[in-house]
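When the sequence shown is numbered by this note's numbering, its final residue is 455 and no position is left out of the sequence of numbers.
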Amino acid sequence: MKLSFLFFTLILGVAQMSAQLDIKYEKHTLPNGLQVIFYEDHDVPLAAVNLWYHVGSAREKPGRTGFAHLFEHMMFQGSQDVQKGEHFRLLEEAGGTLNGSTSTDRTNYWEVVPENFLELALWLESDRMATLLTSMDQEKLDNQRDVVKNERRQNYENRPYGLAWETIAANLYPPEHPYHWLTIGSMADLSAASLEDVKEFFRTYYTSGNASLAVGGDINPAEVKKLVEKYFGSIDNGKAVPPMKKWEPALTGQKYLLLEDQVQLPRLYIAWPSVPEFAKDDATLDLLSGVLSAGKNSRLYKTLVYDRQIAQDVTAMQNSSGIAGSFMIIATAVPGRTLTELTKAIDEEVAKVVKDGVTPRELERVKNQTKTSFIYSLQHVGGFGGVTDQLNRYNVFLGDPGYFNKDLARYTEVTATGLQQAAKKYLPADRRVILSVVPKGKQDLKAGS
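See the structure below:
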């Protein structure tokens with residue numbers, strides 16, 4: 007399969023450090039509020055459908071968590087004209103692929119099909135948007151509730167280090183903050199959810215007026231627009247969903263937390279409140295995480311894993327979401343080492359960045375890595391991170407589907423001085439959450455006093 011001309015152009019752009027992405031699209035809004043984006047790419051006879059609902063776990067309320075993720079499952083349980091399991095069967099028999107995911111701030115569903123089956127994918131998405139409630143009953147809810155509970159057991163309760171993320175979220179964000187709980191929800195809330203609770207959540211958020219649809223690939227936008235109007239045009243737009251306010255929590259000191267778990271090696275988690283996605287300093291903190299841990303030449307890897315050999319792995323990341331963000335460093339100790347040692351070594355490396363900054367070569371390296379990763383994702387017209395997914399991401403969060411070049415510019419414009427200032431501002435040693443996950447009975451390995 008040949009790569010598109012666009013892809014070769016983008017790779018050349020990375021080499022020249024001046025890539026300009028020429029991704030042409032059309033955007034229309036139907037009378038019922040559904041925003042529709044069309045993108046043509048005729049290199050491969052495939053079509054992609056990507057639908058975002060602007061709802062995630064942040065729209066839930068204490069005592070009623072896990073609903074957004076539950077609907078990721080419920081949306082495949084059949085609707086008025088599609089029986090349970092038929093959504094998968096029809097698309098897979100057509101040679102297509104499909105998936106969905108839920109985050110704090112959005113839920114998305116996508117299909118990639120041979121272009122002659124595009125109408126099938128559009129019909130399936132429209133049918134469940136319009137008629138899911140007509141076929142939702144207690145049996146389906148109970149079935150998928152059990153599936154989600156089992157998923158929680160597998161990925162959290164019964165997985166080594168699995169409860170770390172939930173513990174950090176609960177301590178980094180206050181109880182009333184929408185990020186205080188994980189997308190998976192709690193067992194108690196899932197058990198307590200009634201059929202009417204779940205239906206009301208769907209009526210509120212899974213509407214045409216709260217959705218963005220991107221259709222791309224080997225398509226004729228004029229023809230696809232008619233199909234979209236045919237299948238989605240009569241769907242009720244629902245009540246307007248108010249935007250969420252940015253809420254960046256502040257810590258007044260250090261929180262030392264401890265979990266004993268069925269693990270062999272102790273693991274350290276350090277988390278600081280940072281900034282939301284696309285906010286000032288978001289890209290800078292992304293690049294800072296790369297300087298600290300991306301690759302074997304990164305500062306933390308070289309010091310902790312290679313030189314001092316006190317950790318077997320280390321990762322830094324800027325977790326930015328719609329209304330808030332966090333910066334995290336995670337490191338697993340080697341046998342015989344404590345998390346206090348790891349904390350001290352990490353603090354020393356962060357302090358060096360604050361005091362002396364980073365080198366031009368370090369900054370250029372992480373900028374190149376970021377650009378390359380971004381451009382590689384655009385090889386794909388559909389699926390997670392593909393062009394249609396990015397069009398929806400920019401449209402939902404920024405109202406600008408064509409934000410590609412501005413997004414890259416956020417990174418290319420970061421300076422070494424800006425990175426040094428961000429480290430000083432957002433990674434103070436006296437305001438953070440420090441979680442130690444240690445083997446049962448090995449509390450002496452934890453960080454702190």
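Glycine residues also receive a C-beta, built at the ideal position from the N, C-alpha and C atoms.
Fair warning: this is a prediction, and the values are worked out from it, not measured in the lab.
{"query": "Please classify residue 292 as buried or exposed, where buried requires at least 16 neighbouring CB atoms within 10 angstroms.", "result": "buried"}
{"query": "With 16 other CB atoms within 10 Å as the buried threshold, where does residue 216 fall?", "result": "buried"}
{"query": "Given a threshold of 16 other Cβ atoms within 10 Å of its Cβ, counted over all protein chains shown, does residue 401 qualify as buried or as exposed?", "result": "buried"}
{"query": "Taking the Cβ atom as the reference point for each residue, do residue 257 and residue 438 lie within a distance shorter than 8 Å?", "result": "yes"}
{"query": "Applying the criterion that 16 or more other CB atoms from any shown protein chain within 10 Å of the CB defines a buried residue, is residue 195 buried or exposed?", "result": "buried"}
{"query": "Would you verify that the beta carbon of residue 284 is, or is not, closer than 8 Å to some beta carbon of chain C?", "result": "Protein chain content of the structure displayed is limited to a single chain, and chain C is not contained in it."}
{"query": "Who are the near neighbours of residue 18 in its chain, counting only those whose CB is closer than 6 Å to its CB and skipping five residues on each side?", "result": "Because residue 18 carries a pLDDT of 41, less than 50, the predicted location of this residue cannot be relied on, and the following value inherits that uncertainty. Here the set comprises nothing."}
{"query": "If you compare alpha carbons, which of 447, 387, 333 is closest to residue 429?", "result": "333"}
{"query": "Just to confirm before moving on: does the CB-CB distance between residue 85 and residue 134 stay below 8 Å?", "result": "yes"}
{"query": "Residue 394 and residue 265 look like a contact to me (Cβ under 8 Å); what is the Cβ gap, rounded to whole Å?", "result": "The Cβ separation is near 40 Å, so there is no contact."}
{"query": "According to DSSP, is residue 286 helix, strand or coil?", "result": "coil"}
{"query": "Along the chain, where does the alpha helix (DSSP H) that runs through residue 414 open and close?", "result": "410-418"}
{"query": "Check each candidate in 227, 284, 200, 145 and name the one with the smallest Cα separation from residue 48.", "result": "227"}
{"query": "Classify residue 312 as buried or exposed, calling it buried when 16 or more other Cβ atoms lie within 10 Å of its own Cβ.", "result": "exposed"}
{"query": "Check for me: the alpha helix (DSSP H) holding residue 246 runs from which residue to which?", "result": "First-last for residue 246: undefined, no H or E at that position."}
{"query": "CB residue 398 to CB residue 214, shorter than 8 Å?", "result": "no"}
{"query": "Assuming the contact rule is C-beta atoms closer than 8 Å, residue 208 and residue 139 should be a hit. Round their C-beta distance to whole Å, please.", "result": "6 Å"}
{"query": "Sort out for me which residues DSSP pairs residue 114 with in a bridge.", "result": "58, 107"}
{"query": "If we count the other Cβ atoms within 10 Å of its Cβ and call it buried at 16 or more, is residue 83 buried or exposed?", "result": "buried"}
{"query": "Which two residues bound the contiguous alpha helix (DSSP H) that contains residue 396?", "result": "393-404"}
{"query": "Using 8 Å as the threshold, is the C-beta distance between residue 116 and residue 388 below it?", "result": "yes"}
{"query": "Using C-beta distances below 8 Å, list every residue in its chain close to residue 339, excluding the 5 sequence neighbours before and after it, in chain order.", "result": "271, 272, 273, 274, 316, 317, 318, 345, 347, 348, 451"}
{"query": "Assuming residue 426 contacts residue 359 (C-beta within less than 8 Å), just tell me the rounded distance between them.", "result": "6 Å"}
{"query": "So the alpha helix (DSSP H) residue 178 belongs to, where does it begin and stop?", "result": "170-178"}
{"query": "Rounded to the nearest angstrom, what separates residue 458 and residue 381 at their Cα positions?", "result": "There is no way to answer for residue 458, as the model of the chain reaches only from 7 to 455."}
{"query": "Roughly how many angstroms separate the alpha carbons of residue 67 and residue 171, rounded to a whole number?", "result": "19 Å"}
{"query": "First and last residue of the beta strand (DSSP E) that includes residue 41?", "result": "41-46"}
{"query": "For the putative contact between residue 263 and residue 161, defined by C-beta atoms under 8 Å, what is the C-beta separation to the nearest angstrom?", "result": "20 Å between Cβ atoms; not a contact."}
{"query": "What residues in its chain sit with their C-beta under 7 Å from that of residue 286, if we drop five residues either side in the sequence?", "result": "none"}
{"query": "Quick check: the region 289-303 against the region 362-379, are at least 3 beta-carbon pairs closer than 8 Å?", "result": "yes"}
{"query": "Classify residue 184: buried if its beta carbon has 16 or more other beta carbons within 10 angstroms, exposed otherwise.", "result": "buried"}
{"query": "If you drop the 5 nearest sequence neighbours on each side, which residues of the same chain put their C-beta closer than 6 Å to that of residue 440?", "result": "262, 276, 453"}
{"query": "Does the Cβ of residue 403 have 16 or more other Cβ atoms within 10 Å, making it buried, or fewer, making it exposed?", "result": "buried"}
{"query": "Measure the alpha-carbon distance for residue 76 versus residue 167 and round it to whole angstroms.", "result": "23 Å"}
{"query": "Let me know the secondary structure DSSP gives residue 279 once reduced to three states.", "result": "strand"}
{"query": "Helix, strand or coil for residue 156, going by three-state DSSP, please let me know.", "result": "helix"}
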